Structures are given as C-alpha cells and as structure tokens.
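There are 2 protein chains.
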Amino acid sequence: MNWPAHVTIKEVGPRDGLQNEQTFLSTEGKINWINQLSQTGLKHIEITSFVNPKWIPALADSLEVAKGIERVPGITYTALVPNRRGLEGALEGNVDDVAVFMSASETHNQKNINKSIDDTFPVLREVVKEALSGGKSVRGYVSTVFGCPYEGHVAIDQVIRVSEHLFEMGIQELSLGDTIGVANPKQVQEVLNILLKRFPIEKLALHFHDTHGTAVANILAALDMGITTFDASTGGLGGCPYAPGASGNVATEDVIYMLNNMGIDTGVNLEKLLGAGSFIQKKIGRSLPSRNLQACN
Amino acid sequence: MNWPAHVTIKEVGPRDGLQNEQTFLSTEGKINWINQLSQTGLKHIEITSFVNPKWIPALADSLEVAKGIERVPGITYTALVPNRRGLEGALEGNVDDVAVFMSASETHNQKNINKSIDDTFPVLREVVKEALSGGKSVRGYVSTVFGCPYEGHVAIDQVIRVSEHLFEMGIQELSLGDTIGVANPKQVQEVLNILLKRFPIEKLALHFHDTHGTAVANILAALDMGITTFDASTGGLGGCPYAPGASGNVATEDVIYMLNNMGIDTGVNLEKLLGAGSFIQKKIGRSLPSRNLQACN
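Order-wise, the sequence lines are chains A and B.
To convert, note that position 249 of the first sequence is 249 in this note's numbering; the numbers rise steadily by one, no gaps.
To convert, note that position 224 of the second sequence is 1224 in this note's numbering; the numbers rise steadily by one, no gaps.
Next comes the structure, spelled out in structure tokens:
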C-alpha cells in the first residue's frame, strides 16, 4: 500500500459533533474547548454553524463562539453556512473559511435543506460568490456520497453532478461525506477511482462517520489512493442521540494515533488532543466513542 | 489494494473475550451464547480455556461448557490449553482443536505463563505432540507480536524464533497477536513482509485488539498482504476491566460488516451475529465496543 508523507486533519467536532449531541454545551465551554484544540497542532478547525437556531439549537451561539475564541496564527477557522443569512453571520464572526453543504441524494437534500438539489445550486452559488469576494476561502460538503438513509444506494453520477456544480461555483475543496457511516474500503476506492478522473486529488477531502466501525479502514483505503485530507471529530462526537454508544464522526484521536504511528506527519500532538477530548467528554457527560480516549492507561 | 475472495473469521469471544470480563457469565449463559454463535455461519469458535481456575475464574466451568454445547457439523470447536493438565481437560471435553500460546517478548511470557520462553518450549512441545496423537488439530498463538506492555518494541527476530519453534512442534496454524492493540497498518505490512518469507501464508492468522482504534484498518492492511484468517470477538468483548469503554478484541460484527459489504465471502450472517451480540451484551451488562452492535437502527 502507498502512504503519503503528510496528512491534513480537519477537526469538525465543534460543528458536526456538537450539532448531533443532546447535551447543550455552554458558550464558555465551547470557547474553552476550541482554544484547547488550537494548541494541539491542528491547523483547521470548524468551529460552528451559522444556521437558524430553530434547526440546530445546540449551535445558537455561533456568533459569540466565533468572536470569543482565541485566534492562533496559522490555524484556519471555518464555519458552516447554509445560505446568505448564514454567511452574513460568518462574515460578522470573521471566520477564515466558510463551508457550504448539500447532498448527492435528492431525498436527503430535500429533508436536510428543504429544497431540491436543483433549487439548492443558486443559493449556494450566491453564498460562494460573496464569501470569495469577502476574502474567505470556501469548502463544499457533499453528503450521502456512499449511501443515503432514505434512498440507499447513491448513483456516482449524482455525486459527480453535485461536485461539478460546487467546483464551478468556486469552492477550493470538496469534502465527500459518508454521512451515515455505511462505506467500506472497496467502495471508497471504487468511488475515488471514478472521481479522481474528474477532480484534482489535492482538492478532495474525505469525511467518514464510524457508525459501522469501518471509518479508520476507509481512511486507510483513501490514503492508498493518494487522498491526504480527512475530517474528524474529537472523541468521535456526534453519535445518534437515540443510541448512547452509537458513533458519530470518526474520532480524531484514533486517526491521529494511526497516522502518527505510521510515521505520517500530521503535526498533531496526540497527548494534547486527548486532553481536549477528556475535556469535552466530561462536558458532554457520557463515554465518547473514541477508542484512544477510552484506552486503559 | 488486493482483496481476497474468501476470509475465515475465528470467533474467540467465549475464551479471549470472557476471560477479560469482570462479569461472571453462568455456564448456562455460555452454552446458550455459543449455541447461538454456531447458527451464524461461523465455522470456528474458541469456546473456553482449560487453565487453572485460580488464574482465570471466569472460565472455571470449561469442561461443563465443552460438554454442554450443541456440536454443529462443519464447525471446529477450539479450547485453549496451557499445559498437559489443560490438554487432558480439552480431550475429556472432546474439542476438535486445541490452541497453545506463548509470547514473543520474554517479560510478557514470564508474567503470563510464569516461565521463560525457553522453558515454555518443552511444555508446549509435549502438549502439541499429545494433542496431535489424540487426533486434534493444533493452533499456536504468539502474543505481543506488535508490542509488549512491559518491553515496548518487540524485535521481529523474537517473533520468528518463537514461531519457528511452534511450527517445528507441529502446529497447523499460527495466530499472530497484537495483544495490547498497539499495531498500525504500516507495521502490520512490515512484519508480514518479513514473516511471509519464512512461513506459508495459509498457516498465518492475525489477532488484533482494538485498544487504539486501528484493528479494522490493520485487518485491511493484512488482507492486502494476502492474509485470509482473522480472530475476532462478538461485541468486541474483553476490554480492560479498569476502563469501562476500553476495547478488547476487534468486534466480530465490525469485521463481518466490512468484509460482507466488500463482497468478500465470510459465510457469516450479520443479522444473526448481532442477535448473539445483543444476547451477550445483555448478560455482561454494559455497552460493548462493537460499533455495529451500538449502531442507531
């Protein structure tokens, strides 16, 4: 297998993790946690989402968080935005980078964004344009790339179509999401084989959830294809609220443990990361899925 | 990456899993669980260990379990034995296959078996000889192949030396153990690269613990090297008793999910396996580490 020399891990716990947790973390707790993450060596942290608080009450304090955190030079702080109003918040919060999102499957897009895929394009096009002209870098998420909770299998042509639109809008990086954590390594390589014929490898990131225990292996399979950017959540935050042990995003600690021990440079200090993980675990008040956080020391 | 067409999973939960659990499972519970596992499509089940009950009280009922389970034709039922007395129990219990064990690192062998490596060889040689003459197949475990809790790094020459002795004794399969779950995929490929020059690939199995979240990825790396036999425990049983969430063996459900979804034939029905996993989880009385067992259905 082929291993790259360097991998970039983008921490999405404060956004993708927290938005799926039942426990409301105080603004002070969020800021404290993000400040700890900024000391671990991570260079990219997605700190919040500027969505309507009615949809995601857990992140209703997005502006306070963006304004309250300590900005460490060299770190890119990202916020998720669904539309122009969200972008206004992100600009007011002065993040470095904004992320837009949509789904590869029609039903998930409709349920998640309340619009058809075709109706989502113009909304995001405007957001991307304004974000770029505001001097921000822009990242795009495509959800349900490896499977949809409503439709099951998702045709690769749907992924390509949505991805092409996002790149045409001007996004600089595309994060391919296994939203419900159903992907397997063979599928990862098959999907990448097709997408890498159309999109530059340095602009693709992978975003795995660990619902079925395959996320770390999927990262390994993607590394072997030359992918060097992965999203992860401290502690593996973001599990399904209806099943206490269910896993959310792949745990940053587990990814860093593997990569660092393989001699792949991540720049991230595992001990410091475990410190930030212990902090958020205590705040959330349940054992988080990260294996390294639970390891018998 | 290279995927094989067929993989054999050897279930070790009733032995390696239970021996590390704090909860004592009744003999009836063990028999019920093993009988359920026999209906999942698994063809190899390690049912118990004939060790001195002073060492492992959890498995003090090994003979009753061996005699009490329903034998399904086509399934190989294995028992671990440390010495001649253990073998007598296994023969009385009429298992199909016996497993002997020792460590690649001197300190772990001394602490686990209370003998030096050199003093362990004659004991196992006698056991293997008698087991073979009793018509049993024999499997050997080498522990601490990828790291030792006392010595840290384990020299590959130590692994080779112990493995050669075990093969010379007549074992038909060698299971290489990452006893403390510290291995990474690069190390797995490096170790296998060396071992595969000396030992036939079809006689090697890998035995991963998921302490640091790398076990499924390690299996993927080993698959890519042509290994087709892996040990696993239902639920990921066997966590460290001092850390409730700590993971033991890699969870059989998670391995089967990945392999089945990759189109690799395991012969194992995931639904039935999850049923057996739910049963043992209820008996043990805590959330087990298996991601699939915890998945939000």
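Glycine included, C-beta positions come from ideal geometry on N, C-alpha and C.
As the structure is a prediction and not an experimental result, all values here were calculated from the model.
Is the Cβ-Cβ distance between residue i and residue j less than 8 Å?
i	j	result
B/F1101	B/A1058	no
A/H153	A/D178	no
A/I264	A/A5	yes
B/K1043	B/I1075	yes
B/L1259	B/T1266	yes
B/T1078	B/V1065	no
B/L1223	B/L1176	no
B/K1197	B/L1174	no
A/C148	A/T211	no
B/K1010	B/T1229	yes
A/Q189	A/A104	no
A/A221	B/L1220	yes
B/R1084	B/V1128	no
A/M1	B/M1001	yes
A/L305	A/E151	The structure shown has nothing for residue 305 of chain A, since chain A only spans 1 to 297.
B/A1276	B/W1033	yes
With a threshold of 16 other CB atoms inside 10 Å of the CB of residue i, please say whether the residue is buried or exposed.
i	result
A/Q281	buried
A/D119	exposed
B/G1213	buried
A/G226	exposed
A/K67	exposed
A/I171	buried
B/S1116	exposed
A/N193	exposed
A/L184	Rather than Leu, the amino acid found at residue 184 of chain A in this sequence is Asn. It is buried - the Cβ of A/N184 has at least 16 other Cβ atoms within 10 Å.
B/I1113	buried
A/V191	buried
B/E1021	buried
A/I201	exposed
A/A155	exposed
B/S1038	buried
A/K111	exposed
A/S26	exposed
B/N1297	Annotation note: pLDDT 48 at B/N1297 (below 50); position unreliable, coordinate value reported separately. With fewer than 16 other Cβ atoms within 10 Å, it is exposed.
Identify, in the order they occur along the chain, each residue of the same chain with its Cβ nearer than 7 Å to the Cβ of residue i, setting aside the five sequence neighbours on each side.
i	result
A/R125	M169
B/N1269	T1040 and G1041
B/V1216	V1250, D1254, V1255 and M1258
A/R161	none
A/G236	D210, S247, G248, N249, V250, A251, L288, P289 and S290
A/I180	G147, P149, H209 and T211
B/L1063	G1089, E1092 and G1093
B/Q1187	F1146
Looking only at its chain, what residues have a beta carbon closer than 8 Å to the beta carbon of residue i, apart from the 5 residues adjacent to it on each side?
i	result
A/Q19	S49, I56, A58, L59 and G238
A/N35	I69 and E70
A/A243	Only weak support exists for where A/A243 lies, its pLDDT of 49 falling under 50; the value from the coordinates is given anyway. Answer for A/A243: no residue qualifies.
B/F1199	S1163, F1167 and L1174
B/S1278	L1293
Which same chain residues, not among the five before or five after residue i, have their C-beta less than 6 Å away from its C-beta?
i	result
B/G1245	For B/G1245, the predicted structure reports a pLDDT of 48, less than 50, and the residue's modelled location is therefore unreliable. A value from the coordinates is still provided. No residues qualify anywhere along the chain.
A/P82	V51
B/F1121	H1165
A/F167	none
B/L1080	R1015, S1049 and A1099
B/V1123	N1083
Tell me whether residue i, by its Cβ, gets closer than 7 Å to a heavy atom of the ligand ZN.
i	result
B/G1041	With respect to small molecules bound, the structure shown includes none, and the ligand ZN cannot be examined in it.
Can at least three beta-carbon pairs, one atom from the region 39 to 57 of chain A and one from the region 8 to 16 of chain A, be found at a separation below 8 Å?
yes
What are the residues in the region 180 to 202 of chain A lying within 7 Å of chain B by C-beta distance?
N184, P185, K186 and Q189
Could you please tell me which residues of the region 210 to 230 of chain A, in chain order, have their CB closer than 7 Å to any CB of chain B?
D210, T211, H212, G213, T214, V216, A217, L220, A221 and D224
Counting Cβ pairs, one atom from each stretch, are 3 or more of them under 8 Å apart for the region 1138 to 1150 of chain B and the region 1056 to 1073 of chain B?
no
Could you tell me whether the region 132 to 139 of chain A touches the region 88 to 101 of chain A, where touching means 3 or more Cβ pairs closer than 8 Å?
yes
Closer than 9 Å between beta carbons: that is the criterion. Which residues of the region 279 to 296 of chain A meet it against chain B?
S287, L288, P289, S290, R291, N292, L293, Q294, A295 and C296
Which residues, taken in chain order from the region 250 to 262 of chain A, show a beta carbon closer than 7 Å to some beta carbon of chain B?
A251, D254, Y257, M258, N261 and M262
Quick one, which residues of the region 165 to 178 of chain A are near chain B if we go by CB-CB under 8 Å, in chain order?
none
Residues of the region 1001 to 1032 of chain B whose Cβ lies closer than 9 Å to any Cβ of chain A, in chain order:
M1001 and W1003
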